[in-house]
Each structure stands twice: as C-alpha cells, then as structure tokens.
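Counting from 998, one number per residue, gives the positions in the sequence shown under this note's numbering. Beta carbons: idealized from backbone N, C-alpha and C, even for Gly. Take a look at the structure set out below.
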Amino acid sequence: MASLTKNLNAFLEHIRTVKRLSPHTLDNYKRDLNQFQIWLEEQEISQWNKVRQQHVRQYVASRHRKQASPKSLQRHLSSIRSFYNYLLSESLAKINPAQGVRAPKVNRKLPSTMNVDEVSQLLTPNSDDVLDIRDHAMMELFYSSGLRLAEMVSLNLQDFQGAPDTLEVLGKGNKTRIVPVGSMALQAVQLWLSRRAEIAAADEIALFVSKRGTRISRRSIEQRLSQQAVKHSSSQHLHPHMLRHSFASHLLESSGDLRAVQELLGHANISTTQIYTHLDFQHLAQVYDQAHPRAKRRKNS
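Shown next, in the form of structure tokens:
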C-alpha cells in the first residue's frame, strides 16, 4: 500500500544518507522491512501507526513457523525497532510496537580460530609474486589489528603515511576506533607499497588493489585468503574473520583484559566480546586435561 511504502522508502533514505550505514546493512533493513510490510498488507493493516505489539508477536511467530532462525528473527525485530524509532522521531507513530518483543534465544556458535603455530605458518612468506605480497600484507593486518573485512577494503594510501604504529578505522555504525599496527604487519605493508605501482592505477587511492588496478573487493579478499591457506598447506578453511577471531582469542588468552579486547575489536557491547572467554576457557580446560595428574588419571581410567 502506498502509505506504507512511502514511509519505508523515507526511512531507507534516512539511514543511507544520515546514518551512512553500509550497503550490506541497508540491504538487510530493506529486505526485513519489505517482508514485514507484505505481512501487514496480508492482515489488511494499511498504516504503520495501526501496528501494535500483538501484531509484531504474530509476525515473529509466522516467521518462526517458516523455519526462520533465532538469529534471523532477532535481526527482523531490530530492523522493526529501528524503523519505529524513526517514525516516532518524525511524529508518524506514537508507540514502538516491537519494543519488548523477544525472539527465541540464539545458540551462540563459537567462532573458528587458529592457534599460534597455525597463524605463524600462514604468515610465513613463501613467494615474491606481487599478489602474494599483497595478500600477505592483508593477512598480517587482519591478525595484527583485528580488522573487519569492510574495514580492510576501505583502507587508503594516506592511512599508512609515516609508517604508523596505530591506525584509525571506520567500523560498524560509522564509529571510528584506533587499532595497533604490529611491526610485522607494518613491514609487510611497506613491502607491498614498494610493489603496489606494478598493478595499481595511477589515480587509485585505495591501499589494497586488485590485479585490475582498482580497490579490491570483499569477495576477492575472501577468495585470495582461501587460496593462501591452500598455498601454506593449512587445513583450515581460511576467511578474514578467522584472523580477526584469532587476534581476539590470542590477545585475551595472553592478557585477560576483556575491556581492552572489546575496544580493539570495536564491539558496542561487552557481551559480544565475552564469547572469546568461552574460547579461552576451552583452551584452559584442554591444558588442564593434558597437564593435571588426576585429570590424566581419570582420562586413562
């Protein structure tokens, strides 16, 4: 219905131009809210301000019956809440009907990580090819600084002027944070910069470029890291977030400083970071089983 679509399009334009959310996040909002709109139209609800909490509960239940995962339902609810916060700010609604509605709990899956020896093997240079040198620099940065994939893609040449030991990156929610650049990562980036002109377009400002000379894409980085794991005889299915997860896990394991890891990862809530304490506990439990005499005796018996 026209009124529903008009308000929805205005919201999407708002989060694109004012909130400046990523295209990926924008697509999620659009898809979630379009599905909610279709459901409302099936219920013959033609105005956003006519939606009540029971409608949102019914919608979530309908998605759940269609086998939507708890994580997907949580995202749907988050999209609806954000949309109604916008409608409230524009005096187009009087309540937020998604407030207080909860999705089923998500069984949190522990992120995949590599141990220190596996990372060391992966980050041992084994080629003088310019693309391999570029990939090595990206892998070093992922592990050194805990970058997200989108943050890696967005890096520019000017970010590495003066051989910095810290880097300012733009993360989720358009928030900036300062991350460290380790000496090995900086060395790898400097080597890449010495070869970058072999493939980069003359006017390209991106730090990392594809063989076509333009800013490298997210998909290209994912493919290249997967190839690099094979080249380094790694048994892991390597993806960018595995190096970020390994960065967080190894740092927490060594320091025990959850708040510091939260800041370095750019997590808004410490509950997101706490998942790495489970990884750390798994490591400690493994050490206990291998080292404690009574643990070994129980295992042997």
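Rounded separation between R1294 and E1250 - CA only: Bear in mind that the predicted position of R1294 carries a pLDDT of just 45, short of 50, making it unreliable; the figure below should be weighed with that in mind. For R1294 and E1250, the distance between alpha carbons rounds to 27 Å.
Thinking R1054 and V1098 are a contact (beta carbons under 8 Å), I'd like their distance in whole angstroms, please. Taking the Cβ atoms as the reference, R1054 lies roughly 6 Å from V1098, within the contact range of under 8 Å.
Can you tell me the Cβ-Cβ gap for V1227 and A1245, rounded? I've got them flagged as a contact below 8 Å. Not quite, the Cβ-Cβ distance comes to about 25 Å (not below 8 Å), so this is no contact.
Could you tell me how far apart the beta carbons of L1235 and L1222 are, in whole angstroms, since I believe they sit closer than 8 Å? Contact flag correct, Cβ pair sits at about 5 Å.
Count the other CB atoms, across all protein chains shown, that sit within 10 Å of the CB of P1094; report buried if there are 16 or more and exposed otherwise. The residue in question, P1094, is buried, as its Cβ has 16 or more Cβ neighbours within 10 Å.
By DSSP, does T1163 sit in helix, in strand, or in coil? Reduced to three states, the DSSP call for T1163 is strand.
Is it right to say F1008 is buried, meaning 16 or more other beta carbons lie within 10 angstroms of its own, or is it exposed? Of the residues assessed, F1008 falls on the buried side of the cut-off, its CB having 16 or more other CB atoms within 10 angstroms.
On the premise that A1147 lies in contact with Q1187, defined as a C-beta separation below 8 Å, what is that separation, rounded to the nearest angstrom? 24 Å between Cβ atoms; not a contact.
Count the C-beta pairs between the region 1031-1038 and the region 1082-1094 that are closer than 8 Å, then say yes if the count reaches three, no if not. Flag = no, the region 1031-1038 and the region 1082-1094 do not touch.
Same chain, Cβ closer than 6 Å to S1133, neighbours up to 5 away in sequence not counted: Position check: residue 1133 holds His in this sequence, whereas Ser was assumed. Taken in chain order, the residues that qualify are P1122, A1185.
Using a threshold of 8 Å, state whether the C-beta atoms of L1144 and R1212 are closer than that. In this structure, L1144 keeps its C-beta atom at 8 Å or more from the C-beta atom of R1212.
Assuming D1029 and H1073 are in contact, meaning their beta carbons sit under 8 Å apart, how far apart are those beta carbons, in whole angstroms? 5 Å between Cβ atoms; contact.
Are three or more beta carbon pairs between the region 1200-1216 and the region 1149-1158 nearer than 8 Å? As far as the Cβ criterion goes, the region 1200-1216 touches the region 1149-1158, which means the pair count is three or higher.
Could you tell me if M1135 is buried or exposed, where buried requires 16 or more neighbouring beta carbons within 10 angstroms of its beta carbon? Result: buried.
In whole angstroms, what separates the C-alpha of W1045 from that of V1178? Rounded to the nearest whole angstrom, the C-alpha separation of W1045 and V1178 is 48 Å.
Around the Cβ of Q1225, are there at least 16 other Cβ atoms within 10 angstroms (buried) or fewer (exposed)? It counts as buried.
Buried or exposed: where does E1165 fall if 16 or more other Cβ atoms within 10 Å of its Cβ makes it buried? Exposed.
In terms of residues, what are the limits of the beta strand (DSSP E) holding I1175? Taken as a continuous stretch (DSSP letters only), the beta strand (DSSP E) holding I1175 covers 1173-1177.
Report the rounded CA-to-CA distance for S1214 versus E1041, giving the unit in angstroms. If I take the Cα positions, the gap works out to 43 Å.
In its own chain, which residues sit with a C-beta less than 8 Å from the C-beta of N1171, not counting the 5 before and 5 after it? Same-chain partners within the cutoff: K1016, R1017, L1018.
Rank R1013, R1078, S1117 by C-alpha distance to the C-alpha of M1181 and give the top, closest one. The shortest C-alpha separation from M1181 is found at S1117.
DSSP has V1098 in a bridge; who is on the other side? The partner list for V1098 (beta bridge, DSSP) is empty, contrary to what the question assumes.
When you compare the CB positions of I1196 and V1127, do they come within less than 8 Å of one another, or not? Result yes, Cβ atoms of I1196 and V1127 sit closer than 8 Å.
If we cut at 8 Å on Cβ distances, does V1053 have a partner in chain D? Absence of chain D from the displayed structure is noted, only one protein chain being present.
Cβ neighbour criterion (16 or more within 10 Å) applied to P1237: With 16 or more other CB atoms across the displayed protein chains lying within 10 angstroms of its CB, P1237 is buried.
Please report the distance separating the alpha-carbon of I1175 from that of V1048. I1175 and V1048: Cα-Cα distance of roughly 42 Å.
For V1057, is the classification buried or exposed, using 16 other Cβ atoms within 10 angstroms of its Cβ as the cut-off for buried? Around the Cβ of V1057, a 10 Å sphere holds 16 or more other Cβ atoms; the residue is buried.
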